[in-house]
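Using this note's numbering, the first residue of the sequence shown is number 12, and each one after it goes up by one.
Every residue, glycine too, gets a C-beta built ideally from N, C-alpha and C.
One structure is given below, encoded as structure tokens.
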Amino acid sequence: MEIEVRELREEDIPELGRIEAASFSMPWSVEAFRELLSRPYCTYLVALLDGCVAGCCGYTDLCHEANIDNVVVAPEYRGRGIAQVLLQKLIERGNAAGVEAYTLEVRVSNRTAIHIYEKFGFRSEGIRPKFYEKPVEDAMIMWKR
Ligand SMILES: CC(C)(COP(=O)(O)OP(=O)(O)OC[C@H]1O[C@@H](n2cnc3c(N)ncnc32)[C@H](O)[C@@H]1OP(=O)(O)O)[C@@H](O)C(=O)NCCC(=O)NCCS
Numbered sequence: 012m013e014i015e016v017r018e019l020r021e022e023d024i025p026e027l028g029r030i031e032a033a034s035f036s037m038p039w040s041v042e043a044f045r046e047l048l049s050r051p052y053c054t055y056l057v058a059l060l061d062g063c064v065a066g067c068c069g070y071t072d073l074c075h076e077a078n079i080d081n082v083v084v085a086p087e088y089r090g091r092g093i094a095q096v097l098l099q100k101l102i103e104r105g106n107a108a109g110v111e112a113y114t115l116e117v118r119v120s121n122r123t124a125i126h127i128y129e130k131f132g133f134r135s136e137g138i139r140p141k142f143y144e145k146p147v148e149d150a151m152i153m154w155k156r
């Protein structure tokens, strides 16, 4: 099993749309992914497992604070460490680009994602009540400083 991580490309987007739809109740559209390609302050990485698109993650850089979003791995490829490889590479990119702090929101019930973020040094700094829809749920706001 070989995991390759590289920047998002146009050709990845249809498969990422499928992964999103299989993973989130309010998935990003393929158009939303296409817009990222033209935004210089957004960094998006894709993981390929034996050449197949397996997941992605990215951040928006706002004055050296990176807002991470859309950490996702295709259901069939989960539990193989792909999200952690993606996050490792994303944070390396951010550090090299001068990012000083990282933040993200996560559903309070998402134990798997919270476990991963805590492994990377993220800590909860608050709750955003009823932030999510479908179903309505609080968001935990996490920071890595
Ligand atoms: C969250 C997600 C990206 C993780 O991807 P993944 O590639 O399967 O993650 P990894 O294999 O790198 O790591 C999974 C870790 O969670 C742990 N884990 C699995 N189930 C768990 C649970 N119920 N509670 C706590 N930890 C759990 C695993 O043991 C592993 O940690 P370890 O390496 O310390 O043993 C994936 O489940 C996903 O796409 N979910 C739907 C989208 C989503 O929720 N994204 C996050 C939005 S903030």
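First through last residue of the alpha helix (DSSP H) which encompasses residue i
{"i": "N106", "result": "I93 to A107"}
{"i": "Y128", "result": "R122 to K130"}
{"i": "R29", "result": "I24 to S34"}
Distance between residue j and residue i (C-alpha atoms, nearest Å)
{"i": "C63", "j": "F44", "result": "18 Å"}
{"i": "Q95", "j": "I127", "result": "7 Å"}
{"i": "A112", "j": "K155", "result": "6 Å"}
{"i": "L97", "j": "E42", "result": "22 Å"}
{"i": "R134", "j": "R104", "result": "20 Å"}
{"i": "E129", "j": "Q99", "result": "13 Å"}
{"i": "V83", "j": "A65", "result": "9 Å"}
{"i": "A58", "j": "E13", "result": "10 Å"}
{"i": "R139", "j": "L27", "result": "27 Å"}
{"i": "G90", "j": "I125", "result": "14 Å"}
{"i": "E87", "j": "T123", "result": "16 Å"}
Spatial neighbours of residue i in its chain, beta-carbon cut-off 7 Å, leaving aside the 5 residues before and after
{"i": "W39", "result": "E31 and N81"}
{"i": "K141", "result": "V147 and D149"}
{"i": "D23", "result": "V57 and V64"}
N- and C-terminal bounds of the beta strand (DSSP E) containing residue i
{"i": "P140", "result": "R134 to Y143"}
{"i": "W154", "result": "E148 to K155"}
{"i": "L115", "result": "A112 to R118"}
{"i": "E15", "result": "I14 to E18"}
8 Å Cβ shell around residue i - same chain, five flanking residues per side excluded
{"i": "K145", "result": "S36 and M37"}
{"i": "C53", "result": "L47, G69, Y70, T71 and D72"}
{"i": "R17", "result": "L56, V57 and L59"}
6 Å CB neighbourhood of residue i in its chain, flanking five on each side removed
{"i": "L101", "result": "L56 and C68"}
{"i": "M153", "result": "L115, Y128, F133 and S135"}
Any C-beta of chain C under 8 Å from that of residue i
{"i": "T114", "result": "In the structure shown, chain C cannot be found, because there is only a single protein chain."}
(message) Quick check for students: name the residue ranges of the beta strand (DSSP E) that lie wholly in the region 44-85, counting only runs of 3 or more.
(response) 53-60, 63-73 and 76-84
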